[in-house]
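Novice:
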Amino acid sequence: MTPSRDTLPGLLLQQVQARGDRPAVREKDLGIWQVWTWRQVADEVRAIACGLTVQGFGRGMHLAIVGDNRPRLYFAMAAAQALGGIPVPMYQDAPAAEFVYVLKDAAIVYAVVEDQEQVDKLIEAAPQVGTLKHIYYDDPRGLRNYEGIVALDELQRIGREFEAAHPRFFEEEIAKGSADDVAIILYTSGTTGRPKGVCQTHGAFLVAARGACGFDGLNPRDRVLAYLPMAWVGDHLFSYVNWLVAGFTINCPESADTVMTDLREIGPTYYFAPPRIFENVLTQVMIRMEDACALKRWMFDRCMAVARRCGAQVLDGSPVPIADRIKYWLGSLLVYGPLRNVLGLSCIRVAYTAGAAIGPDLFRFYRSIGVNLKQFYGSTETCAYTCLQHDREVKLDTVGRPAPGVDLRIAESSEVLVRGPMLLKEYYKRPDATMESIDGEGYFHTGDAGFFDEHGHLKLIDRAKDVGKLASGTLFAPNYIENKLKFFPHIKEAVAFGNGREMVCAFVNIDMSSVGNWAERRGLAYSGYTDLAQKAEVRDLVRECVEKVNAELAREAAVSGSQVHRFIVLHKELDPDDDELTRTRKVRRGFVSEKYGTLVEALYEGRTVQHVETLVRFEDGRTGIVAADIRIETAQTFGAAAPAAG
Amino acid sequence: MPSSPRDRLPGGEMLRMEGISLAFGGVRALIEVSFDVREHEIRAIIGPNGAGKSSMLNVINGVYCPQQGTITFRGKVRRNMVPHDAAVSGIARTFQNIALFKGMSVLDNIMTGRNLRMKGTVVEQAIHVGRARREELENRRKIEEVIDFLEIQSIRKTPVGRLPYGLQKRVELARALAAEPSLLLLDEPMAGMNVEEKQDMCRFVLDVNEQYGTTIVLIEHDMGVVMDISDRVVVLDYGRKIGDGTPDEIRRSQAVIDAYLGVAH
């Protein structure tokens with residue numbers, strides 16, 4: 001019997017037939033990379049599926065999956081799909097209180113989790129959820145004295161017994177599935193309001209994955225590191241669906257702290273990371289270079305100057321003067337090559353970033369040292385597959401052309417509309433939301449504002465609902481300003497205000513590692529974030545950044561009115577635990593402006609000092625108060641186009 | 001759903017200290033101190049500075065030899081325990097002032113904890129051949145389990161000297177655990193740590209005790225920690241034992257309160 005190509009578990013069986021003894025999954029455990037071949041993966045999945053069947057799980061039911069990227073969590077996902085069930089991966093770092101919403105909404109009865117930490121959270125959430133009955137765990141550590149929960153090992157043992165009695169059961173169950181079945185429910189991060197469950201079918205994800213794999217020529221020899229949250233559509237496409245379609249090897253890091261080491265050991269050929277991660281890595285490199293000896297610093301600076309001048313052209317295959325070519329080759333030998341090696345990017349064919357705007361320096365840095373970093377655009381509702389950048393057509397400020405099979409147009413409100421087979425089936429139990437976001441012609445309203453440039457590349461400016469107007473009537477795109485601010489390594493987060501106001505003001509969070517290092521080198525003593533953020537020297541440092549942004553904004557006619565007149569360096573870091581950021585670390589603008597209302601008013605009323613007390617929640621769930629007298633800074637603005645301050 | 005995480009039963013007597021007196025010249029560090037330690041329990045030794053707590057640990061693992069008294073470990077009476085004997089009989093310890101090899105990696109430091117289990121000669125170990133090679137492979141697995149247990153995978157290859165204090169303490173615990181001790185002596189495992197590091201360390205101490213059944217004797221100044229995690233507490237003051245019992249009993253003991261808070265004269 002040839003397994004179906006229409007469903008994800010069907011593809012798993014196909015991979016077993018095509019390359020059963022090739023490595024499918026690696027995981028670093030006890031310091032050694034352990035390997036599962038495709039055949040072993042299928043056996044593990046079969047055992048879990050059969051075990052779940054014995055426990056009463058079946059077609060149409062939901063299986064919550066919570067934890068870091070452990071192979072057996074991916075296997076559990078495939079097992080649920082094999083039975084016609086629907087996996088619901090959840091963000092593993094969310095506290096129990098946030099679990100409750102998703103568990104309730106999806107009416108979860110069965111859950112597969114990684115370890116004691118997740119078990120504890122589920123047990124805490126269980127009384128409010130009501131339906132949760134079965135919890136299975138991967139790592140038994142610390143769980144010896146817990147009752148009423150079952151180890152995955154035990155579930156698999158039960159499954160293998162069942163399988164011995166029903167040898168054809170697994171394959172028959174898979175054959176019952178069809179492309180139109182819902183394959184997974186991914187909850188949106190909830191930048192706006194409550195999270196919504198996005199129901200995606202096998203067919204939709206397969207269209208996206210086949211498009212993506214074809215586009216970049218993914219093949220069984222590729223290696224991918226699976227390290228992003230399993231609940232995120234990016235991980236689901238890049239480390240799960242693409243894996244099943246292309247048949248490459250996924251590698252699960254040892255722990256969240258060892259990702260950089262593991263990356264280097266694996267040397268992935270295909271890599272996907274949000275800009276934040278590329279940024280952290282670059283910050284680390286820069287910090288270490290500043291501590292390096294003078295000779296190394298000189299060499300690094302010289303070579304990076306060459307790379308900035310011609311690196312990207314070399315990568316794109318554009319003509320480059322012979323002298324520069326020689327210098328670049330030398331640079332590769334001395335700096336870029338070793339640097340790529342240290343970063344674990346030596347073998348990269350294609351690296352992608354998405355999810356937020358990437359800074360120009362950051363983007364250029366990676367491309368100039370020979371990493372083929374590209375951008376794409378997509379959302380949970382489109383299986384992370386809408387626009388892709390072609391090789392040699394990579395531009396910083398666009399997200400490329402519509403991907404194969406995607407029908408994209410711009411509404412009059414400049415909102416981006418998308419139609420195609422990779423669209424969501426519906427929002428789970430939310431027909432109102434489904435109606436609202438998919439119009440009569442079948443276009444999905446992304447909520448992003450953008451336009452096509454002269455080469456037909458999509459350029460995004462902001463969330464459609466965030467784009468507003470200043471009192472003077474000029475365009476105000478907060479994200480655009482915030483991104484420019486965040487491109488400075490010293491600035492971690494920024495929130496711009498200005499809709500309906502006479503001028504733009506902003507909150508800024510400094511980057512603790514970068515500014516901390518800067519302060520150390522100047523012998524500036526500080527006790528913690530709050531203290532450091534309120535230092536006069538640090539405020540001056542931030543002001544320099546803000547003024548540079550203002551100078552840039554002044555040069556662009558459309559946004560020159562959006563220069564930042566006054567700003568505050570916030571006394572605490574914006575944190576998802578305090579609901580200020582989403583789990584994917586996007587600022588919840590409305591919430592922040594409400595929570596810090598006094599500060600916003602202080603900005604606009606021209607005060608210079610404002611006392612605030614803010615409630616913070618610690619990792620263990622307790623709360624405390626951070627109090628500070630915050631100084632409000634004024635920044636220089638440029639150009640005639642800017643309205644008068646105040 | 002989970003039952004109480006600490007329902008293990010302390011077993012029979014493992015270690016008995018009887019009438020221990022230790023003096024350095026005219027300074028009497030310990031004066032006729034007697035107490036016992038049961039299998040699988042967490043036994044805390046507390047007391048003000050200079051009460052003789054560290055001296056007591058040093059007597060248990062044979063660094064100091066008491067002038068009077070007997071030590072009975074697992075039914076065998078010892079007069080002169082030397083540190084090597086203590087290690088061979090399954091006693092491991094950590095130190096108040098971290099005693100690690102600063103220039104060596106975390107992995108190598110923990111590996112030294114396995115030294116007793118290796119039979120290869122110095123020469124074999126130095127050139128990494130024969131028995132030494134085979135033994136290192138076998139022992140590496142055990143060490144990796146300890147690394148996994150204490151969640152220090154990310155610093156496996158970092159030189160210890162570059163680590164923050166809290167992590168160095170954890171590495172020291174790892175080295176002690178690598179010896180697979182039946183009795184673990186911890187000298188102020190949480191000193192100098194912040195709240196979060198303390199919580200982590202508490203969890204590790206409890207996990208060691210629960211998962212491996214290791215008996216633990218610890219010295220600690222943080223009363224919150226002591227009262228939370230220990231089964232029984234010994235209180236020393238100026239070298240004498242002034243209290244012995246469960247945390248609740250100690251909390252109510254007048255002698256202990258006086259020693260800690262001072263008495264009005």
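Residue numbers (this note's numbering), protein chains in the order written: chain A, 1 to 646; chain B, 1 to 265. Even for Gly, the Cβ is constructed at its ideal location relative to N, Cα and C.
Do Y385 (chain A) and C199 (chain A) have their beta-carbon atoms positioned less than 7 angstroms apart in this structure?
Specialist: Residue mapping note: residue 199 (chain A) aligns to position 199 of the first sequence, counting from 1. Residue mapping note: residue 385 (chain A) aligns to position 385 of the first sequence, counting from 1. No, the Cβ-Cβ distance between C199 (chain A) and Y385 (chain A) is not below 7 angstroms.
Novice: Could you compute how far the alpha carbon of G25 (chain B) sits from the alpha carbon of Q67 (chain B)?
Specialist: Translated into positions along the second sequence, residue 25 (chain B) becomes position 25. Translated into positions along the second sequence, residue 67 (chain B) becomes position 67. Distance between the alpha carbons of G25 (chain B) and Q67 (chain B): 11 angstroms.
Novice: Taking the CB atoms as reference points, tell me whether N509 (chain A) and E493 (chain A) lie closer together than 7 angstroms.
Specialist: Here residue 509 (chain A) refers to the residue found at position 509 of the first sequence. Here residue 493 (chain A) refers to the residue found at position 493 of the first sequence. Yes, the pair counts as a contact, with Cβ atoms nearer than the cut-off.
Novice: Check the Cβ-Cβ distances between A645 (chain A) and every residue of chain B, and say whether any is below 7 angstroms.
Specialist: Residue mapping note: residue 645 (chain A) aligns to position 645 of the first sequence, counting from 1. Confidence at A645 (chain A) is low in this model, with a pLDDT of 39, below 50, so the placement of that residue is unreliable and no value is reported for it.
Novice: Could you check which residue in A:C213, A:F272 and A:Y227 has the C-alpha nearest to that of W243 (chain A)?
Specialist: Within the first sequence, numbered from 1, the residue matching residue 243 (chain A) stands at position 243. Of the listed residues, the one whose Cα sits closest to W243 (chain A) is A:C213.
Novice: Taking only beta carbons into account, state which residues of the stretch 232 to 259 of chain A come closer than 8 angstroms to chain B, listed in chain order.
Specialist: Flagged, chain order: E254, S255, D257 and T258.
Novice: Going by DSSP, what residue range makes up the alpha helix (DSSP H) through D216 (chain A)?
Specialist: For the purposes of this step, residue 216 (chain A) is taken as residue 216 along the first sequence, with counting starting at 1. Looking at the DSSP string, the run of the alpha helix (DSSP H) that includes D216 (chain A) is H202 to D216.
Novice: Write down every uninterrupted run of the beta strand (DSSP E) in the stretch 207 to 265 of chain B whose length is 3 residues or greater and which is fully enclosed by it, in chain order.
Specialist: With a minimum length of 3 residues, the continuous beta strand (DSSP E) runs that stay inside the stretch 207 to 265 of chain B are 215 to 219, 232 to 237 and 240 to 245.
Novice: Please give the ranges of any beta strand (DSSP E) in the stretch 75 to 120 of chain B, keeping only runs that are unbroken, at least 3 residues long and fully inside the region.
Specialist: For the stretch 75 to 120 of chain B, whole beta strand (DSSP E) runs of length 3 or above, ordered along the chain, are 76 to 78 and 91 to 94.
Novice: Give the DSSP-derived three-state secondary structure of R392 (chain A) in the structure shown.
Specialist: The residue you call residue 392 (chain A) lines up with position 392 of the first sequence. Three-state DSSP puts R392 (chain A) in coil, outside helix and strand.
Novice: Who are the neighbours of I110 (chain B) on chain A, taking C-beta pairs under 9 angstroms?
Specialist: By 1-based counting over the second sequence, the position of residue 110 (chain B) is 110. Those within 9 angstroms of I110 (chain B) in chain A number zero; the least Cβ separation is about 11 angstroms.
Novice: If you measure from the beta carbon of L228 (chain A) to each beta carbon in chain B, is any gap under 7 angstroms?
Specialist: The residue given as residue 228 (chain A) occupies position 228 in the first sequence. Not an interface residue.
Novice: In angstroms, rounded to a whole number, what distance separates the CA positions of Y146 (chain A) and I277 (chain A)?
Specialist: As a first step, residue 146 (chain A) must be located in the first sequence, where it is residue number 146. As a first step, residue 277 (chain A) must be located in the first sequence, where it is residue number 277. Their backbone Cα atoms lie some 37 angstroms apart in a straight line.
Novice: Grab me the residues of N499 (chain A)'s own chain with a C-beta within less than 6 angstroms of its C-beta, minus the 5 sequence neighbours each way, in chain order.
Specialist: The residue labelled residue 499 (chain A) in the question sits at position 499 within the first sequence. Cβ within range, chain order: G468 and F476.
Novice: Check this for me: beta carbons of A87 (chain B) and L57 (chain B), under 7 angstroms apart or not?
Specialist: For the purposes of this step, residue 87 (chain B) is identified with residue 87 of the second sequence, where counting begins at 1. For the purposes of this step, residue 57 (chain B) is identified with residue 57 of the second sequence, where counting begins at 1. Against a cut-off of 7 angstroms, the Cβ pair of L57 (chain B) and A87 (chain B) comes out as no contact.
Novice: Looking at the strands, I want to know which residues DSSP matches up with G468 (chain A).
Specialist: The residue you call residue 468 (chain A) lines up with position 468 of the first sequence. Answer is A:F476, bridged to G468 (chain A).
Novice: Chain B partners of L103 (chain A), CB-CB under 7 angstroms?
Specialist: Translated into positions along the first sequence, residue 103 (chain A) becomes position 103. Residues of chain B passing the Cβ test: none, with the nearest at roughly 15 angstroms.
Novice: Indicate the three-state DSSP secondary structure (helix, strand or coil) for K142 (chain B) in the structure shown.
Specialist: Reading the second sequence from its first residue, position 142 is the one you call residue 142 (chain B). Three-state DSSP puts K142 (chain B) in a helix.
Novice: Check whether the Cβ of E144 (chain B) lies closer than 7 angstroms to any Cβ atom in chain A.
Specialist: Here residue 144 (chain B) is taken as the residue at index 144 of the second sequence, counted from 1. By this cut-off, E144 (chain B) is an interface position.
Novice: Give the straight-line distance between the Cα atoms of T446 (chain A) and A411 (chain A), rounded to the nearest whole angstrom.
Specialist: To locate residue 446 (chain A), count along the first sequence from 1; it is residue 446. To locate residue 411 (chain A), count along the first sequence from 1; it is residue 411. Those two C-alpha atoms are separated by around 11 angstroms.
Novice: Give the DSSP-derived three-state secondary structure of N483 (chain A) in the structure shown.
Specialist: Working through the first sequence from its first residue, we reach residue 483 (chain A) at position 483. N483 (chain A): helix per DSSP, three-state reduction.
Novice: Along the stretch 204 to 222 of chain B, where does the CB come closer than 8 angstroms to a CB of chain A? Name the residues.
Specialist: Taking 8 angstroms as the Cβ-Cβ cut-off against chain A, the residues of the stretch 204 to 222 of chain B that qualify are D207, E210 and Q211.
Novice: Between G31 (chain A) and chain B, is the shortest Cβ-Cβ distance under 7 angstroms, so that the two count as touching?
Specialist: Locating residue 31 (chain A) in the first sequence gives position 31, counting from the first residue. Taking Cβ atoms only, chain B reaches closer than 7 angstroms to G31 (chain A), which makes this a yes.
Novice: Decide if P71 (chain A) is buried, meaning its Cβ has at least 16 other Cβ atoms within 10 Å, or exposed.
Specialist: Counting from one through the first sequence, the residue named residue 71 (chain A) turns up at place 71. Buried.
Novice: Just to confirm the assignment, what range does the alpha helix (DSSP H) spanning Q563 (chain A) have?
Specialist: By 1-based counting over the first sequence, the position of residue 563 (chain A) is 563. Looking at the DSSP string, Q563 (chain A) is not in any alpha helix (DSSP H), and its letter there is neither H nor E.
Novice: Which word fits V16 (chain A), buried or exposed, when buried means at least 16 other C-beta atoms lie within 10 angstroms of its C-beta?
Specialist: Here residue 16 (chain A) corresponds to residue number 16 of the first sequence, with the count starting at 1. Classification for V16 (chain A): buried.
Novice: Here's a check: name, in chain order, each residue in its chain whose Cβ is nearer than 7 angstroms to the Cβ of A42 (chain A), leaving out the five neighbours to either side.
Specialist: Along the first sequence, read from residue 1 onward, the residue named residue 42 (chain A) stands at position 42. For A42 (chain A), where only same-chain residues beyond five positions count, the Cβ hits under 7 angstroms are L12, L13 and V16.
Novice: When the Cα of M422 (chain A) is compared with those of A:V592, A:A164, A:G344 and A:Y443, which residue comes out closest?
Specialist: Position 422 of the first sequence, counted from the start, is the residue given in the question as residue 422 (chain A). Nearest C-alpha to M422 (chain A): A:Y443.
Novice: Kindly indicate which three-state DSSP category T380 (chain A) falls into: helix, strand or coil?
Specialist: The residue labelled residue 380 (chain A) in the question sits at position 380 within the first sequence. The answer is helix: DSSP assigns T380 (chain A) an H, G or I state.
Novice: Should G712 (chain A) go down as buried or exposed, given a rule of 16 or more other Cβ atoms within 10 Å for buried?
Specialist: Given a span of 1 to 646 for chain A in the structure shown, any question on residue 712 (chain A) remains unanswerable.
Novice: Below 8 angstroms on the Cβ atoms is my guess for E41 (chain B) versus T158 (chain B); work out the distance and round it to an integer in Å.
Specialist: Against the second sequence, residue 41 (chain B) aligns to sequence position 41. Against the second sequence, residue 158 (chain B) aligns to sequence position 158. Not quite, the Cβ-Cβ distance comes to about 34 angstroms (not below 8 angstroms), so this is no contact.
Novice: In the stretch 52 to 101 of chain A, which residue ranges form an unbroken beta strand (DSSP E) of at least 3 residues, counting only runs that do not cross its ends?
Specialist: The qualifying runs are 62 to 66 and 86 to 90.
Novice: Run through DSSP, which three-state label would Q68 (chain B) get?
Specialist: Looking up residue 68 (chain B) in the second sequence gives position 68. Note: Q68 (chain B) maps to strand in three-state DSSP.
Novice: Only counting the same chain, and skipping five residues up and downstream in sequence, which positions put a Cβ closer than 7 angstroms to that of M299 (chain A)?
Specialist: In the first sequence, residue 299 (chain A) corresponds to position 299, counting from 1. Correct list, in chain order: L334 and V335.
Novice: Grab me the residues of V647 (chain A)'s own chain with a C-beta within less than 6 angstroms of its C-beta, minus the 5 sequence neighbours each way, in chain order.
Specialist: In this structure chain A extends from 1 to 646, so residue 647 (chain A) is not present and cannot be described.
Novice: Could you spell out where the alpha helix (DSSP H) holding V245 (chain A) opens and where it closes?
Specialist: Reading the first sequence from its first residue, position 245 is the one you call residue 245 (chain A). That run of the alpha helix (DSSP H) goes N242 to A246.
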